[in-house]
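Inspection log for the structure reproduced underneath, given as structure tokens.
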Amino acid sequence: MDTKENDSKLFTPGPLTTSLTVKQAMLHHLGSRDMIFINISSHTYASPDEYTTVLIPGSGTYAVEATFSTSVPRQDAKILIIENGAYGQRMIKICQALNIPYDVISFGETERVQIDLVANKLKLNTYTHVAIIHCETTSGILNPIEEIGQLVYDHGSTVYIVDSMSGFGAIPVSLRNGHITYLISSSNKCIEGVPGFAFVISKRKHLLTCQGQARSLVLDLYDQYTYMEQSKQFRFTPPTHTMLAFKRALDELEQEGGVQGRARRYQNNNRVIRDQMKALGFVELIKPEYQTYIITSYYYPPAPFQFQTFYNKLSDKHQLIYPGKTTVADCFRIGNIGRLFENDMITLVTCIKEVCQEMNIDLPLNIDDEIENNKFHITDY
């Protein structure tokens, strides 16, 4: 079932537009010790012997910090962070806050991670852990996590951490082929649930070596895992309503054909928005070969364009987009994920045409030359 007609459509990286049935799943009260809720929790984290899923209340960043805090020993450890955007840079801040020794290999915000440079970095240095973003939603770049995972595996006994916040559930990934030790995502991204908890798909063998390593009581993956294994309950107050919504969202993911089925819808959304925005003259920030179908970034048009006015006018039409998050260009982002379909993408473009007309912006745009001549600069709005 789709969303209510008067709801705004969220063309964002998350939280996302959800189905009405996912929302309706939250219209029930369950106690945290109720067997119905315990069964739902058990269903959510049930997994094969090699991997287990640890649920962490809070945003996706809570789970990233929990993974770093728990999986990295307090002594004789060093993590390599591979970054090409704001979410990789957030990992650096986590290491600084937790006093974890780290090294960084950085790529431009509009560039894909280069496998050969990472290989050279690993060859010349010794690391106990390597961390990377799967889909860098700063821009929409898809990083080659399985290829990097093979490098990490060849490097030795290194732990490999993948933040797949905006990829898991819509971009196929093999934990085994990618040699992934920890994969992190959240309830309110491509699985199309609502915000409230994140999860860490963890290689059980390594997780069981992490007792006593966490720098936090609440964000202790090992304790959370062992407590849930023994009691089938959260250590602290669980996000009951979010869990109910997530259970429904998982059912709807399965009904759609799993990851492959959802990927097809998102790919079509992405094709429609890119074709129609190109026809209007909007220019993409990222090279097509670097992009995935999760989110697309566009350069701002020239004056008289003002993003806040553009945003407000689209919001008045119940169409919500996000500003860009790069430091290299003024841009905005259009997400293709969540409970969105081809008609929603067409409606958004129609509204963009109307807003441009209201702002006296002539279409189609002709901004390639301005971009080429570096006339675009970062401004504050």
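Sequential numbering of the sequence shown, starting at 1, is according to the UniProt record's numbering.
Where is the CB? At the ideal position from N, CA and C, for every residue including glycine.
- Under DSSP, no beta-bridge partner is assigned to H134.
- If you check the CB distance, V54 and F197 do not come in under 8 Å.
- Nearest C-alpha to G58 among D76, I184, V130, C135: I184.
- Assignment of K353 by DSSP, reduced to helix, strand and coil, places it in the helix class.
- Between the alpha carbons of D223 and S41 lies a distance of about 16 Å.
- Taken in chain order, the complete beta strand (DSSP E) segments of 3 or more residues contained in the stretch 78-143 are 79-83, 102-106, 129-133.
- Approximately 26 Å separates the beta-carbon atoms of I294 and C95; this is outside 8 Å, ruling out the contact.
- Within its own chain, the residues whose Cβ lies closer than 8 Å to the Cβ of K205, once the five positions on either side in sequence are excluded, are E50, listed in chain order.
- Across the structure, D34 and R248 are spaced so that their CA atoms are roughly 18 Å apart.
- Counting along the chain, no beta strand (DSSP E) covers I148; the unbroken alpha helix (DSSP H) around it starts and ends at 145-155.
- Its Cα nearest to that of R265, the residue I337 stands out among I337, I161, I81, L363.
- Counting C-beta pairs with one atom in each stretch, the stretch 290-306 and the stretch 223-235 have fewer than three that are closer than 8 Å, which means they do not touch.
- Annotated as proximal: V22 and G193, with beta-carbon spacing under 8 Å.
- Here the C-alpha atom of V162 lies approximately 33 Å from the C-alpha atom of I346.
- The distance from the Cβ of L348 to that of L280 is about 12 Å, inconsistent with a contact at the 8 Å cut-off.
- Following the DSSP letters along the chain, one finds F68 inside the alpha helix (DSSP H) bounded by residues 60-71.
- Around the Cβ of D316, a 10 Å sphere holds fewer than 16 other Cβ atoms; the residue is exposed.
- Beta-bridge partners assigned by DSSP to P57: F197.
- With the rule of 3 Cβ pairs closer than 8 Å, the stretch 95-114 counts as touching the stretch 323-341.
- When the Cα atoms are used, T126 and Q75 turn out to be separated by approximately 14 Å.
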